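Everything on this sheet refers to the single structure shown next.
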Amino acid sequence: MTNLTNPCSNDEFKYTLYSSAFGIVFVFGLLFNMAAMYIFVCTLKLRNETTIYMMNLMVSDLLFVLSLPFRIFYFINRHWPFGEPLCQISVALFYTNMYGSILFLTCINVDRFLAIVYPFRSRAVRTRRNAKIACCAVWVLVLSVSFPIGFQLDTREDSNRHYCFENFTKNQWQSKLSKVVVFIETVGFLIPLVINITCSTMILKTLRDPQTINRGGQLNKSKVMRMIVVHLLIFCFCFIPYNINLALYTLVRSRVLNGCNVESVIRTLYPITFCIAVTNCCFDPVVYYFTSETIQNSIKRKSYAVRNHIKQCDGLQNCNEESSIRTLRATFTHTESTV
């Protein structure tokens with residue numbers, strides 16, 4: 032959500048920053064999420080409610096990652112030749128991905144909270160059917176907000192160039208977008224943030240109780256602690272800077288905050304926090320690994336199978352070499368005896 036004109040500061044650096052950052056995120060995001068898709072589709076036989084959330088998170092990431100080449104082209108050439116609908120869809124996919132990721136990560140954290148704090152009472156709630164319903168609700172929510180934001184944008188033409196991603200007008204900010212931002216900041220960020228912190232705190236409190244660990248039997252405290260840390264680090268690193276800056280940016284664009292110094296700082300920080308936010312596509316596969324023991328076991332089995340196959344091939348090659356040597360020796364001996 033940027034604007035083409037910038038009277039208070041020079042943010043020309045954003046074009047180089049965006050094209051470089053998006054290029055890196057595209058390569059690693061595509062690689063990691065394609066690997067995750069292979070595991071989910073081809074090697075993962077057991078699917079529970081946690082893997083359902085993670086599969087939906089992966090789809091959200093892939094949709095956005097596949098739109099990045101268009102953004103990269105635009106920020107390198109500063110021209111959008113792909114038409115207005117694709118520009119609007121690209122904008123919508125960013126917000127779909129970011130707030131979809133926040134909500135799916137929150138679902139995963141709530142699922143772990145129920146499994147650890149209320150392991151018996153939550154059995155009726157923690158079902159694949161309910162997980163699918165929750166995922167559908169997340170998709171409906173983020174799509175119903177993201178696409179109206181995207182369709183507010185137009186590809187204004189100036190000097191035979193079409194611009195995308197930076198043409199929201201002052202009237203749009205004051206009349207519609209500011210209200211939309213308040214909604215998505217509340218429902219898509221603040222509430223999930225409170226839920227994540229609360230769930231993580233309750234999990235830690237439960238883990239400190241020795242009776243809980245004894246009752247759980249196989250409950251591995253270190254793995255759960257690692258999972259909580261990974262969740263919170265990704266959530267805080269990717270989403271907090273951007274959403275704080277977005278709220279301030281909205282106040283500037285709506286003329287609630289005035290002054291060139293304030294606007295200059297916020298406009299300068301916006302591209303930086305935006306690039307940090309899109310890195311969640313690369314970090315989400317880390318969540319898949321640390322959260323799901325099923326996926327860890329699947330990767331370990333796959334790695335063991337590959338190593339075993341290599342050893343078998345090496346052994347077979349050695350056997351073939353030894354067999355060939357024995358054959359040559361036998362042939363040589365036979366030749367000597369017949370001379």
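Count along the sequence shown starting at 1, add 31, and that's the number in this note's numbering.
Glycine included, each C-beta is placed from N, C-alpha and C at the ideal position.
Source: prediction; values computed, not measured.
Taking only three categories from DSSP, how would you classify residue i?
i    : result
G247 : Legend: pLDDT at G247 = 48, less than 50; position of this residue unreliable, value from coordinates given subsequently. Residue state, collapsed to three classes: helix.
R154 : coil
H262 : helix
R192 : strand
E43  : coil
W111 : coil
K76  : coil
T304 : helix
Q183 : coil
L286 : Per the sequence presented here, residue 286 reads as Arg, with Leu not at that position. Three-state result, R286: coil.
T127 : helix
T299 : helix
E197 : coil
Y149 : coil
T310 : coil
Identify which residue in the options has its Cα closest to the Cα of residue i.
i    : options                   : result
L184 : P112, E197 and R160       : E197
F182 : S253, R192, I120 and A66  : I120
Y320 : R286, R154, L94 and M68   : M68
I303 : I275, C291 and G290       : I275
V176 : A155, C195, V213 and L145 : V213
L263 : I228, R160 and N202       : I228
N64  : L77, T281 and M85         : M85
V260 : T281, S231 and L279       : S231
L282 : C118, S206, A123 and H193 : S206
R159 : P223, E43, I139 and T127  : I139
G219 : R157, N128 and A146       : N128
V122 : L99, R109, F135 and V293  : L99
W170 : L134, F144 and P179       : L134
V309 : E43, I55 and S209         : I55
V194 : R109, C313, V173 and L224 : First, the amino acid is wrong: residue 194 is Tyr here, not Val. Among R109, C313, V173 and L224, the Cα nearest to that of Y194 belongs to R109.
State the Cα-Cα distance for the pair residue i and residue j, rounded to the nearest angstrom.
i    : j    : result
I307 : I271 : 10 Å
M233 : D240 : 11 Å
Y49  : Y130 : 20 Å
N311 : I265 : 7 Å
Y125 : P116 : Sequence check: residue 125 is Phe here, not Tyr. F125 and P116: Cα-Cα distance of roughly 15 Å.
T137 : W204 : 29 Å
A66  : S132 : 18 Å
F57  : W111 : 19 Å
C73  : N79  : 16 Å
V96  : S295 : 30 Å
T47  : R298 : 15 Å
F104 : N87  : 28 Å
Y301 : L279 : 10 Å
S209 : R286 : 11 Å
L292 : R102 : In the sequence as displayed, the identity of residue 292 is Asn instead of Leu. Approximately 29 Å, taken between the alpha carbons.
P223 : T217 : 9 Å
Counting C-beta neighbours from all protein chains within 10 Å, is the total for residue i 16 or more, i.e. buried, or is it exposed?
i    : result
K45  : buried
R284 : buried
L235 : exposed
T82  : buried
M258 : buried
A168 : exposed
V141 : buried
M89  : buried
A146 : buried
F305 : buried
L75  : buried
Does the CB of residue i have a neighbour CB from chain C at under 9 Å?
i    : result
W204 : The question asks about chain C, but that chain is absent: this structure has only one protein chain.
- Task: Return the chain-ordered ranges of every alpha helix (DSSP H) run that is complete within the region 200-245 and spans a minimum of 4 residues.
- Result: 209-216 and 222-238
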